[in-house]
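Going by the working numbering, the first residue of the sequence shown is number 57, and it counts up by one from there. In this text, a Cβ means the ideal position worked out from N, Cα and C, and glycines have one as well. Note that the structure is predicted; figures quoted are calculated from it, not measured.
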Amino acid sequence: MKKKFETLNENRQAILATNFYNFETLKAILLAAKERNDDIILQLTQSSINYLGLENAVSMAKSGLKYYGVNGYLHLDHGGSIELVESCLKAGFDSVMFDGSELPLEQNIELTRKVVKMAALYDVNVEAELGYIAKLGQSKEKVAYTSAEDAKRFVDATGVNTLAVAIGTAHGFYKEEPKLEFNRLSEIKEAVKIPLVLHGGSGVPVEDVKEAIRRGICKVNVATELKNAFMLTLKQILNDTEEIDLRKVFPPATDAVKALVVGKLEMVTV
Ligand SMILES: [Zn+2]
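1. Can you check DSSP and say which residues form a bridge with Glu-185?
2. When you compare only the Cα positions, how much space is there between Val-182 and Ile-85?
3. Between which two residues does the alpha helix (DSSP H) harbouring Ala-176 extend?
4. In angstroms, rounded to a whole number, what distance separates the CA positions of Tyr-154 and Lys-304?
5. Would you mind stating whether His-227 and Ala-190 have Cβ atoms separated by less than 8 Å?
6. In the DSSP assignment, the beta strand (DSSP E) including Ser-151 goes from what residue to what residue?
7. When you compare the segment 156-167 with the segment 116-130, are there three or more beta-carbon pairs, one atom per stretch, that lie closer than 8 Å?
8. So, with DSSP's three-state summary, where would you put Lys-304?
9. Please name the residue or residues paired with Ile-97 in a DSSP beta bridge.
10. Do His-255 and Asn-284 have their C-beta atoms within less than 8 Å of each other?
11. Can you tell me whether Asp-212 is buried or exposed, with buried defined as 16 or more other CB within 10 angstroms of its CB?
12. Would the beta-carbon of Asn-277 be found less than 7 Å away from any heavy atom of ligand 2?
13. So what does DSSP say about Asn-277, is it helix, strand or coil?
14. From the DSSP output, in three-state form, read off Leu-254 for me.
15. Which word fits Thr-63, buried or exposed, when buried means at least 16 other C-beta atoms lie within 10 angstroms of its C-beta?
16. By DSSP's criteria, Ala-309 is part of a beta bridge. Which residues make up the other side?
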C-alpha cells in the first residue's frame with residue numbers, strides 16, 4: 057500500500073476507496089474494479105466491523121479480491137481508538153486510518169504518532185486526519201479547514217504516510233454544491249509532499265475531483281452514495297414485486313452499486 061501510494065504521488069494520480077457493508081456491496085465493488093481493470097481500496101468502518109465481525113470481514117475482502125482477480129487493499133476507515141487500530145493490524149489490514157481530527161491538535165499528534173509506531177511493526181500504511189470534515193449528522197456550518205502550517209507540523213511530528221485534509225468537503229450528501237479550496241490544497245501539498253486524501257467524495261462535481269487529484273489528492277473516498285444506491289434500488293424492487301427469493305431481489309441493487317462504482321473509477325482516472 058505504501059509503495060502504491062508512492063507511485064500515485066509521483067504521477068499525481070489517485071486510487072478510489074469505497075466502503076463495503078455486506079456481501080452484495082463487496083461483490084458490486086469488485087465487479088466494477090474487475091470490469092475496469094483498476095486497483096481499489098476496500099474500506100471498513102468500526103460499525104461495519106461490528107456488523108460483519110472483524111476476522112470474517114477480512115476473509116471476505118481478501119477472498120473476494122482473489123476470486124474476482126482484483127488488485128486491492130483493505131483499509132480501516134475512521135479508526136477512533138488505538139485498540140481498534142491494533143486489532144485491525146493484527147487481523148491483516150494493509151492500511152489503517154486513525155481519526156483524531158476532533159481532538160486538540162497536540163493530542164491528535166500524540167495518538168497518531170503512537171499509531172504510526174505500532175503500524176511500522178506490520179509495515180502498514182497510516183492515514184490521519186487534520187481539520188474538520190463534518191461527519192454524517194454533524195453540522196456542515198462549522199468550518200475548520202486544514203492549514204498548510206498545521207499540516208506540516210502534524211506530518212513532521214507524526215511521520216504519518218497519508219493525510220486526510222479539510223478543504224471544503226463533508227461526509228454524506230450536500231444541500232448545495234461543495235466549493236473546494238484548491239489554493240489551500242496546493243499549499244498543503246507544497247508543505248507536506250505526502251499523498252493527500254479526500255473524504256466526503258459523494259456529490260463533489262467530477263471536474264473538481266479531477267482538479268483535486270492534479271493538485272495532490274491520491275485517495276478519493278466514496279461511501280454514502282454507494283449505500284444509498286443499494287438501498288434505493290432495493291426499496292423500489294420490494295415495492296414493485298412480491299418476490300421473496302433474495303437471490304432474485306438483491307442482484308439489481310448490486311448492479312446499481314456496480315454501475316455507480318464504475319463511474320467513480322472513471323472519475324478518479326485523470
Ligand atoms: Zn471519511
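If we stick to the structure as given:
1. The residue you call residue 185 lines up with position 129 of the sequence shown. Bridge partners of Glu-185: Ala-220.
2. Numbered from 1 along the sequence shown, position 126 holds the residue referred to as residue 182. Numbered from 1 along the sequence shown, position 29 holds the residue referred to as residue 85. About 23 Å.
3. Taking the sequence shown and counting its residues from 1, the one referred to as residue 176 is at position 120. Segment 161-176, the alpha helix (DSSP H) holding Ala-176.
4. Your numbering for residue 154 matches position 98 in the sequence shown. Your numbering for residue 304 matches position 248 in the sequence shown. The question names Tyr, but residue 154 in the sequence shown is Phe. Near 39 Å, if we compare the C-alpha coordinates of Lys-304 and Phe-154.
5. What you label residue 227 is simply residue 171 of the sequence shown in a count that begins at 1. What you label residue 190 is simply residue 134 of the sequence shown in a count that begins at 1. Yes.
6. Here the question's residue 151 lines up with position 95 in the sequence shown. Here the beta strand (DSSP E) through Ser-151 covers 151-154.
7. no
8. On the sequence shown, position 248 is the one that residue 304 refers to. If DSSP states are grouped into helix, strand and coil, Lys-304 belongs with the helices.
9. One-based indexing of the sequence shown puts residue 97 at position 41. Answer is Ala-73 and Tyr-129, bridged to Ile-97.
10. What you label residue 255 is simply residue 199 of the sequence shown in a count that begins at 1. What you label residue 284 is simply residue 228 of the sequence shown in a count that begins at 1. Not a contact, by the Cβ cut-off of 8 Å.
11. Numbered from its first residue, the sequence shown carries residue 212 at position 156. Exposed, since its Cβ has fewer than 16 Cβ neighbours within 10 Å.
12. Ligands displayed in this structure: ligand 1; ligand 2 is not among them.
13. If you number the sequence shown from 1, residue 277 lands on position 221. Strand, per DSSP.
14. Taking the sequence shown and counting its residues from 1, the one referred to as residue 254 is at position 198. Strand, per DSSP.
15. Within the sequence shown, residue 63 is the residue found at index 7, counting from 1. With fewer than 16 Cβ atoms within 10 Å of its Cβ, Thr-63 is classed as exposed.
16. Translated into the one-based positions of the sequence shown, residue 309 becomes position 253. Paired residue(s): none; Ala-309 is not in a bridge.
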